[in-house]
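In this note's numbering, the protein residues as written are 122 to 502. Read through the structure below, which is laid out as structure tokens, and then see the notes.
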Ligand SMILES: Cc1cc2nc3c(=O)[nH]c(=O)nc-3n(C[C@H](O)[C@H](O)[C@H](O)COP(=O)(O)O)c2cc1C
């Protein structure tokens, strides 16, 4: 297929995979699409290691990284300083977590018999997790610098509008820039900052989402930013959804949830099993994980934060820091019914483990069947 993004990035298929797993990146790119590594949860050293592995295995095919690029500095004024641009030490942030929130998490663990971390490992385990949270523009910028050590073709920005100078720096290296948006206004601002590709993500999507569904959002964004190409994201796991996305004007598709059920995914067996038995309505929007609305699998953990009269979740990144220990305890002890993970509404279609190759094969087959069906409908007169 030769859509605008295929031509721009030298791809055979307009299929983009957002993933935290290097094996998925490699498989998708080798199949002709583009694997994009979600780097937000890596330290610079880990990212360097992952990208080196990808580079070694990808056989020269194009790939990308997804990083939270620092916002515009020029919009900050002394009267209204941009909070995003203020560096915070981990200690400062931890000190800002109210005691009653800490107590709430501790009571939750006791009430639900969540085992403690082994006392000899607890501090090291927690510190390792804290180190993986990129909370400041400085730490995100250092991830961009690591990405620039490799021949990445695409840098994707997960949140907010990148500074024009950041975009120019990437362009000067021949790297294209994409940004995720959930609203038309945001898409227009991204294009003004020089972004090359817009990823319009509907509310069905796994991870942080807005409220506008894909069916409504995609054509709105396509029209608003034309001729800048748009990738459709949110709720795409099969070929009919791919056909719909292209019919609505997208130049390609951007999928995240569907790779979680593959043998290459980063998830363990217990979490995958929970995904395979979940229905679409189990992919709820909650602020329990990060403080921002995030679509994820409903669990005892998200339920605890949804009880009437419960404390409100803290703003990002305090909620992530607050809940980190409890989530680590749940994960290590595999307390299945409390295990959650970001996932979109297509979880209801994911019933058994697959492989990246099979996902792509099925996607394209069903895409062809659906275009055939539409053609037949047009010919039936
Ligand atoms: C587990 C998971 C984590 C995600 N984390 C990020 C992230 O760090 N950055 C980002 O740009 N998008 C993130 N997303 C959103 C994806 O990029 C993508 O837009 C979304 O998964 C598309 O919708 P779908 O889940 O219906 O395929 C995440 C999605 C999932 C499922």
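Don't be surprised by glycine CBs; every beta carbon is placed ideally from N, CA and C.
So does residue i have its beta carbon nearer than 7 Å to some heavy atom of ligand 1?
i: residue 279; result: yes
i: residue 513; result: The question about residue 513 has no answer, for the chain in this structure spans 122 to 502.
i: residue 161; result: yes
i: residue 464; result: yes
i: residue 488; result: no
i: residue 354; result: yes
i: residue 322; result: yes
i: residue 317; result: no
i: residue 375; result: yes
i: residue 397; result: no
i: residue 334; result: no
i: residue 326; result: yes
i: residue 275; result: no
i: residue 211; result: no
i: residue 378; result: yes
i: residue 301; result: yes
i: residue 144; result: no
i: residue 381; result: yes
i: residue 483; result: no
i: residue 422; result: no
i: residue 187; result: yes
i: residue 405; result: no
i: residue 271; result: no
i: residue 139; result: yes
i: residue 254; result: no
i: residue 218; result: no
i: residue 235; result: no
i: residue 309; result: no
i: residue 357; result: yes
i: residue 175; result: no
i: residue 467; result: yes
For residue i, collect the residues of the same chain with a Cβ closer than 8 Å to its Cβ; drop the 5 residues on either side in sequence, then sort them by chain order.
i: residue 342; result: 302, 305, 308, 319, 321, 351
i: residue 268; result: 160, 168, 172, 186, 188, 276
i: residue 200; result: Summary for residue 200: the model assigns pLDDT 37, below 50, so the residue's position carries little reliability; its value from the coordinates is reported in the next sentence. So no residue of the chain qualifies.
i: residue 455; result: 389, 391
i: residue 344; result: 370
i: residue 474; result: 382, 383, 384, 393, 397
i: residue 181; result: none
i: residue 122; result: 133, 134, 135
From the DSSP output, which residues share a beta bridge with residue i?
i: residue 404; result: 418
i: residue 297; result: 275
i: residue 353; result: 321, 374
i: residue 302; result: 321
i: residue 463; result: 417
i: residue 475; result: 383
i: residue 136; result: 374
i: residue 424; result: Bridge partners of residue 424: none, in fact.
i: residue 141; result: DSSP, once it has assigned bridges, lists no residue as partnering residue 141.
i: residue 328; result: 416
i: residue 103; result: Since the displayed the chain opens at 122 and closes at 502, residue 103 lies outside it and no answer follows.
i: residue 187; result: 159, 277
Give me, in chain order, the residues of the same chain whose beta-carbon lies closer than 6 Å to that of residue i; leave out the 5 immediate sequence neighbours on both sides.
i: residue 317; result: 297, 298
i: residue 329; result: 413, 415
i: residue 252; result: 164
i: residue 340; result: 369, 370
i: residue 178; result: 147
i: residue 300; result: 278, 311, 316
Keeping to the same chain, check which residues put their C-beta closer than 7 Å to that of residue i; ignore five residues upstream and five downstream.
i: residue 225; result: 432
i: residue 314; result: 282, 283, 285, 288
i: residue 466; result: 325, 356, 401, 404
i: residue 361; result: 487, 491
i: residue 515; result: For residue 515 there is no data in the structure shown, the boundaries of the chain being 122 and 502.
i: residue 144; result: 385
Please indicate yes or no: does the CB of residue i lie closer than 7 Å to some heavy atom of ligand 3?
i: residue 263; result: Among the ligands in the structure shown, ligand 3 does not appear; only ligand 1 can be found there.
Taking 8 Å as the CB-CB limit, is residue i close to chain C?
i: residue 171; result: Going by chain labels, chain C is absent from the structure shown, which holds only one protein chain.
Contiguous alpha helix (DSSP H) assignments of at least 4 residues, all confined to the region 211-240: 211-216, 220-232
Segment contact, 8 Å Cβ cut-off, at least three pairs: the region 366-376 with the region 389-396: no
Sequence ranges, beta strand (DSSP E) only - wholly within the region 144-183, length at least 3: 155-159
Cβ contact (3+ pairs, closer than 8 Å) linking the region 217-227 and the region 438-446: yes
Inter-stretch contact at 8 Å, needing at least 3 Cβ pairs: the region 124-142 / the region 477-496: yes
Touch test, the region 372-385 against the region 240-247, Cβ-Cβ under 8 Å, three pairs minimum: no
The region 414-431 touching the region 396-403, judged by at least three CB pairs closer than 8 Å: yes
Inter-stretch contact at 8 Å, needing at least 3 Cβ pairs: the region 227-235 / the region 451-471: yes
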